[in-house]
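Residue numbers (the working numbering), protein chains in the order written: chain A, 1 to 344; chain B, 1001 to 1344. We put the beta carbon where it would ideally sit given N, CA and C, even for glycine. Here the structure comes first, spelled out in structure tokens, and everything after it is commentary.
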DNA sequence: AATTAGCACTCAATCGAAATGAGTGCTAAC
DNA sequence: GTTAGCACTCATTTCGATTGAGTGCTAATT
């Protein structure tokens, strides 16, 4: 059997309708919904075919039909094909006060969630292969040094370390020059033993401090790699969809969203669509078990070479794929543009 | 009528039992629960009295009794009186890597939630009246300055600003000295026009930069005051309590916890118990409407003079007050001790 | 006078049979 | 190929009967 014009129209009508209502949709509904060109009986025959082909299912005999995962998949693929060129403008909420990446990401997630009415997720960029841009030591008080590390993408990290004996301002100045001239532009992997021993040699009496500083820098960056930052927002939006809001499902889904370590796999996988990095998981396709009754759309954004993060939307299977995909594509475009500008 | 010994015993038994089961408790249950010294009939009479006095209620005729808010209140006050001296040791999860206050607070909330099985909330300290400890300007690249601000309590803030024309390293050094010698030890309110104009005068050609820096510093601190940092954890724990997990209530409660701005009032109010700063809200007593079916326990911790934050637990009315109060008291003690040490 | 046993009564929760109705599949007519 | 008509299915709703935990009251007991 083949998916002819009419079957496609009917399938789309079923999916659209089900997305709106969340209820199984029957033949009569569709008959009225689609210019009433065909009677309910005809629709019934077509639906019977569509069911046989696996695009729709009956939750039980004598109920209407709902789209199967395969049905959704067809629908989504259809949309992914239509490369919409119009880029609708997103409100200029972005990046008034840059510099605190976290804040921006959180705001972004919040915005995304309230725009779509689904749950949103955003992961901070990962730091391996990331170039050191700037290091600064400062004396906060007699025995305490503040280390500020700036890496590519203008991500700033602070640490405080205690030193054994006081260091004069001038010595700190020299250390700063030393550190920056030797380390700037290197990735964390490139700071190998050779570089380190050369540094320590030049530091003379303060080789101990150099050690301390390098350890902290490595630890800070490492820590961020390990406990990957993931922010979620609008998790409670799922209560807007009855099929997800019974206590068992809601509990499972929400606690997964709360324990961000369980979302790792979702942000690790790079999107399939090579151009936009967009990936759509429908139901069981999701790498996260708790989301088998949802659909998840993720997209990858880029801050610089090798500096990638993920944005995601989690909603019911009947989510408005068209809107979500459009929004994400749009956002990615803007993000990429923004960071490119900020960075250069 | 008076609350005699026996009535108190029975009231406590009812509350304890209800806390365990979450079901209305009947006379026979209590009769067995309390050394079976009294028969169910006796208990019934006493329960009748207790109901008349308002300590317990029947959800409907011919059901057992459950504690009223007044009943819980009695119970809690009882516990608050018993100043327990034994301070149980909390696991040494705290403060391995200090300096990133946020991380510590988040970890703390997570810990608290998983220890108690209730939802936990923690607010970062508020910054007004906070002393500036250290300012540092650094040149990241030709047109960009990094401003690092350290305030009392070792809270570190970063901002990046763009400058119109390049400033030499030496000039930056001078600016740093100028800023630190003039501003250190001042609160944000104390940096008034007098101080500012004096600063600008001394800065000479770079008075513009001073302006920029001061604006940023004020803005950063202001921003943190405005959007008070509140972290929640274990919100989904509420699904463990059937009386809170029906879709409507759960949705309301969880979205309140998600939109932290709605928790403002909870962390604004300073605890009533003058010594420990602990405050217990039972049901309607809570300033947050969405929590009228819950109990909320908050405690205030201190980082330094005028630098206060709040920790809170949100759970069902039948929460284990004894455990919660003990845990919070304990935590506060340790927090205070830790920050005192760190700070000095 | 306080306590307890006994019994009638109440009422939410549970169960199950019947009614409802949305929706299907099939057949026969158009 | 399309449609009208009808019997059939089955989740959901409705409603009365049943159950059982728990009470209040009274009379007997200590």
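Residue-chain proximity (residue i, chain A), Cβ-Cβ < 9 Å
i: residue 1131 of chain B; result: no
i: residue 1289 of chain B; result: no
i: residue 1235 of chain B; result: yes
i: residue 1019 of chain B; result: no
i: residue 1074 of chain B; result: no
i: residue 1121 of chain B; result: no
Distance, residue j Cα to residue i Cα
i: residue 169 of chain A; j: residue 140 of chain A; result: 11 Å
i: residue 171 of chain A; j: residue 163 of chain A; result: 14 Å
i: residue 56 of chain A; j: residue 29 of chain A; result: 15 Å
i: residue 161 of chain A; j: residue 1159 of chain B; result: 21 Å
i: residue 1299 of chain B; j: residue 1121 of chain B; result: 10 Å
i: residue 1191 of chain B; j: residue 218 of chain A; result: 37 Å
i: residue 146 of chain A; j: residue 336 of chain A; result: 32 Å
i: residue 61 of chain A; j: residue 16 of chain A; result: 22 Å
i: residue 1033 of chain B; j: residue 1054 of chain B; result: 22 Å
i: residue 201 of chain A; j: residue 209 of chain A; result: 12 Å
i: residue 31 of chain A; j: residue 1020 of chain B; result: 55 Å
i: residue 95 of chain A; j: residue 1197 of chain B; result: For residue 95 of chain A, the predicted model reports a pLDDT of 38, less than 50, meaning its position is unreliable and no value from the coordinates is stated.
i: residue 1114 of chain B; j: residue 261 of chain A; result: 16 Å
i: residue 1259 of chain B; j: residue 2 of chain A; result: 50 Å
i: residue 1269 of chain B; j: residue 188 of chain A; result: 46 Å
i: residue 1005 of chain B; j: residue 1066 of chain B; result: 20 Å
i: residue 319 of chain A; j: residue 293 of chain A; result: 12 Å
i: residue 334 of chain A; j: residue 124 of chain A; result: 16 Å
i: residue 1309 of chain B; j: residue 1301 of chain B; result: 5 Å
i: residue 1330 of chain B; j: residue 1184 of chain B; result: 34 Å
i: residue 1108 of chain B; j: residue 1035 of chain B; result: 40 Å
i: residue 1193 of chain B; j: residue 150 of chain A; result: 33 Å
i: residue 1288 of chain B; j: residue 290 of chain A; result: 31 Å
i: residue 12 of chain A; j: residue 59 of chain A; result: 18 Å
i: residue 285 of chain A; j: residue 256 of chain A; result: 17 Å
i: residue 1074 of chain B; j: residue 102 of chain A; result: 45 Å
Inter-residue CB distance, residue i and residue j (contact presumed, cutoff 8 Å)
i: residue 1025 of chain B; j: residue 1043 of chain B; result: That belief does not hold up - the Cβ atoms of residue 1025 of chain B and residue 1043 of chain B are roughly 10 Å apart, past 8 Å.
i: residue 232 of chain A; j: residue 1254 of chain B; result: Rounded, the Cβ-Cβ distance is 12 Å, inconsistent with contact.
i: residue 251 of chain A; j: residue 1239 of chain B; result: 4 Å
i: residue 1050 of chain B; j: residue 1007 of chain B; result: 6 Å
i: residue 1213 of chain B; j: residue 1179 of chain B; result: 7 Å
i: residue 176 of chain A; j: residue 137 of chain A; result: 6 Å
i: residue 118 of chain A; j: residue 332 of chain A; result: Contact flag wrong, Cβ pair sits at about 17 Å.
i: residue 182 of chain A; j: residue 199 of chain A; result: 5 Å
i: residue 1046 of chain B; j: residue 1010 of chain B; result: 5 Å
i: residue 1243 of chain B; j: residue 1022 of chain B; result: 6 Å
i: residue 1167 of chain B; j: residue 1206 of chain B; result: 7 Å
i: residue 148 of chain A; j: residue 1195 of chain B; result: Actually they are not in contact, since the Cβ atoms of residue 148 of chain A and residue 1195 of chain B sit about 25 Å apart, beyond 8 Å.
Distance CB(residue i)-CB(residue j) smaller than 9 Å
i: residue 283 of chain A; j: residue 317 of chain A; result: yes
i: residue 1296 of chain B; j: residue 1312 of chain B; result: yes
i: residue 266 of chain A; j: residue 76 of chain A; result: no
i: residue 165 of chain A; j: residue 131 of chain A; result: no
i: residue 18 of chain A; j: residue 321 of chain A; result: no
i: residue 1105 of chain B; j: residue 1327 of chain B; result: no
i: residue 1279 of chain B; j: residue 1228 of chain B; result: no
i: residue 1234 of chain B; j: residue 1116 of chain B; result: yes
i: residue 27 of chain A; j: residue 40 of chain A; result: yes
i: residue 245 of chain A; j: residue 1245 of chain B; result: no
Cβ of residue i within 9 Å of any chain B Cβ
i: residue 63 of chain A; result: no
i: residue 330 of chain A; result: no
i: residue 324 of chain A; result: no
*For the segment 134-154 of chain A, which residues have a beta carbon sitting closer than 7 Å to at least one beta carbon of chain B?*
Per Cβ criterion, the list reads 134, 136, 138, 140, 146, 148, 150 and 154.
*Listed in chain order, which residues of the segment 1242-1263 of chain B have Cβ atoms closer than 8 Å to some Cβ of chain A?*
Listed by position, the residues of the segment 1242-1263 of chain B near chain A (Cβ gap below 8 Å) are 1245, 1246, 1247, 1250, 1251, 1254, 1255 and 1258.
*Looking at chain B, which residues of the segment 156-176 of chain A have a Cβ within less than 7 Å of any of its Cβ atoms?*
Correct list: 156, 158, 159 and 160.
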